[in-house]
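Reading through the structure tokens given below for one structure.
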Amino acid sequence: MKRTDKNPTQLRQEAEAQLARVSKTKLKQCPDEELLHELQVHQIELEMQNEALRQSQIELEESRDRYVDFYDFAPVGYLTLNHEGMIDEINLTGATLLGVERNKLLRRRFTHFVATKDRDHWHRDFLNVLTHDEPLTCELVLQREDGPRFFAQLDCRLLRKDGKEPVVRAVLTDITGHKRVEETLREQEEFFRMITENVDDFIAVLDLKGRRLYNSPSYAKLFGNTEAMKGTDSFAEIHPDDREHLERIFKETVQSGIGHRTEFRFVLPNGDIRHMESCGGLIKNSQGKASRVVVVSHDITARKQAEDEIRNLAFYDELTKLPNRRLLNDRLEHTMAASKRNGLYGVLMFLDLDNFKPLNDKHGHDVGDLLLIEVAKRLTSCVREVDTVARFGGDEFVVMLSELDKDKAESATQASIVAEKIRTALAEPYVLKIQHEGQAKTSIEHHCTSSIGLALFIKNEASAEDIIKWADMAMYQGKEAGGNQIRFYDDANT
């Protein structure tokens with residue numbers, strides 16, 4: 060190809076150079092040597108031009124073969140349709156897609172291969188290409204002559220040539236696989252939509268900053284319109300005491316890709332509290348980067364209420380709501396262990412009401428229960444939050460004070476002050492409102508004192524059982540002294 064680009068001057072110079080390399084002995088003697096030289100140079104030029112033409116022909120044939128290969132064996136079908144929609148030209152791939160030998164496709168209408176339900180659609184699209192001279196892409200169901208139907212995409216463009224009818228060049232692509240993937244995705248989407256719309260669990264899709272992208276319809280039971288939730292902060296309705304913990308869990312899920320199961324509380328618009336248990340999962344994009352977080356939550360409010368009820372039945376007195384013996388023993392063990400670490404005294408007070416039985420006998424157990432409830436309130440008001448007030452049984456109560464002092468005498472003084480406060484509070488008159496069936500409410504006034512026994516303890520020098528027994532013994536010492544008395548266990552032994 061490069062030889063044909065040379066101008067006559069270059070060609071002459073190369074011919075002269077080639078002639079100069081020929082041995083003078085091989086040249087025939089001629090009277091007109093100048094003419095002979097010109098003839099020889101011209102002969103060499105012709106030979107060089109012939110060689111250049113031969114090389115160009117070879118390269119042209121190779122280029123044509125490559126084009127034919129590219130055209131016929133392309134991964135898509137190429138076809139040319141005349142203005143009547145007949146096939147003028149088609150490559151081997153296109154013929155294979157239609158299931159017909161190529162030479163049998165020429166001059167056949169392309170509509171013949173379009174599924175019946177799509178023919179009107181194809182006619183409109185083909186007419187638009189011819190009329191508007193604009194590229195068009197359409198999807199059709201085509202019918203092979205030798206096999207099943209398949210989904211195809213046609214990319215069409217009008218081609219005009221001077222003096223000839225316009226033709227439509229089309230690229231035919233089999234998109235059956237793509238359509239199957241789309242159908243599978245639609246089925247999966249429908250499947251998951253049915254799940255999310257019909258389960259009681261709460262499903263949320265969040266961006267990496269915790270903003271809501273999607274909330275399942277179940278959220279409407281808590282917050283109303285789920286559409287209004289889109290783009291809002293998912294942490295806004297979290298109970299303030301749980302928010303920091305939940306935000307940390309969310310960040311850990313985004314960073315590690317590992318979901319964490321946790322519990323938290325929702326604060327509803329009306330102020331109600333709902334306990335939730337949730338687990339998050341990270342969704343990654345095709346590059347493996349985090350794109351969003353899916354959180355599935357379950358309302359465990361009923362379970363929490365049941366757990367609290369069971370716990371209350373196990374550890375709290377049903378009437379006064381004070382800790383019962385089981386919880387008292389547990390707290391006493393913990394206080395003794397803490398005393399071993401900090402070296403501070405604690406004290407256990409055992410209380411018994413001095414004038415309780417006559418109230419029960421005269422007015423019944425319901426009125427006696429009212430008195431016990433009032434006693435529990437007065438006892439609780441006399442101690443710190445870290446201290447424990449428990450109902451031991453019947454009209455017996457226990458008060459435990461922790462972390463008094465390292466000095467025994469000072470601890471005894473502090474305990475005496477609290478015991479006297481309790482004795483005084485319990486000795487105040489009780490005004491109890493009662494109502495018998497069919498009668499109006501009435502009030503009665505009852506006077507009731509208490510006997511209080513105290514036992515100091517430190518570290519684990521004695522067992523919990525012994526400490527309770529010592530305080531009980533001291534209490535009976537005071538009761539035998541006439542009631543409304545305070546006695547220490549040491550005093551009981553003297």
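Those letters in the sequence shown? Residues 60 to 553, per my numbering, in order. Positions of the beta carbon are idealized from the N, C-alpha and C atoms, including for glycine. As the structure is a prediction and not an experimental result, all values here were calculated from the model.
- Linking I234 to F209 through their CA atoms gives a straight-line distance of about 8 Å.
- Sequence-distant Cβ neighbours of K363 in its own chain, meaning closer than 6 Å and more than five residues away, are H334.
- Boundaries around A373 are those of the alpha helix (DSSP H), 360-374, since no beta strand (DSSP E) includes it.
- Assigned with DSSP and collapsed to three states, S293 falls in coil, not helix or strand.
- Cβ atoms of F294 and S277 stay farther apart than 8 Å, at about 19 Å.
- Per DSSP, M335 lies in no alpha helix (DSSP H); the unbroken beta strand (DSSP E) holding it starts and ends at 332-343.
- Residue pairing of K492 in beta bridges, as defined by DSSP: S502.
- With contacts defined by Cβ atoms closer than 8 Å, L199 and D214 do not form a contacting pair.
- Secondary-structure assignment with DSSP links S509 through a beta bridge to L412.
- Residue state for L463 is assigned as coil, using DSSP reduced to three classes.
- The Cβ atoms of F516 and L407 sit closer than 8 Å to each other.
- Non-local beta-carbon contacts of I359 in its own chain, meaning distances under 8 Å to residues more than five positions away in sequence, involve E322, H334, M335, E336 in chain order.
- Contact check for I481 against I511 passes: the beta carbons are separated by less than 8 Å.
- In the DSSP annotation of this structure, N150 is not part of any alpha helix (DSSP H), being labelled neither H nor E.
- In this structure, the alpha-carbon of D147 lies about 7 Å from that of L138.
- Rounded to the nearest whole angstrom, the C-alpha separation of T501 and I297 is 47 Å.
- A direct Cα-to-Cα measurement between N284 and H180 gives close to 41 Å.
- Of the other Cβ atoms in all chains shown, fewer than 16 fall within 10 Å of the Cβ of S350; this residue is therefore exposed.
- I527: member of the alpha helix (DSSP H) spanning 523-539, first to last residue.
- Check the Cα spacing between A229 and each of Y130, V240, L305: the tightest is with Y130.
- When rounded, the separation of the alpha-carbon atoms in V352 and R270 is 10 Å.
- The DSSP-derived three-state label of I476 is helix.
- In this structure, the straight-line span from the alpha carbon of G402 to that of E504 is close to 45 Å.
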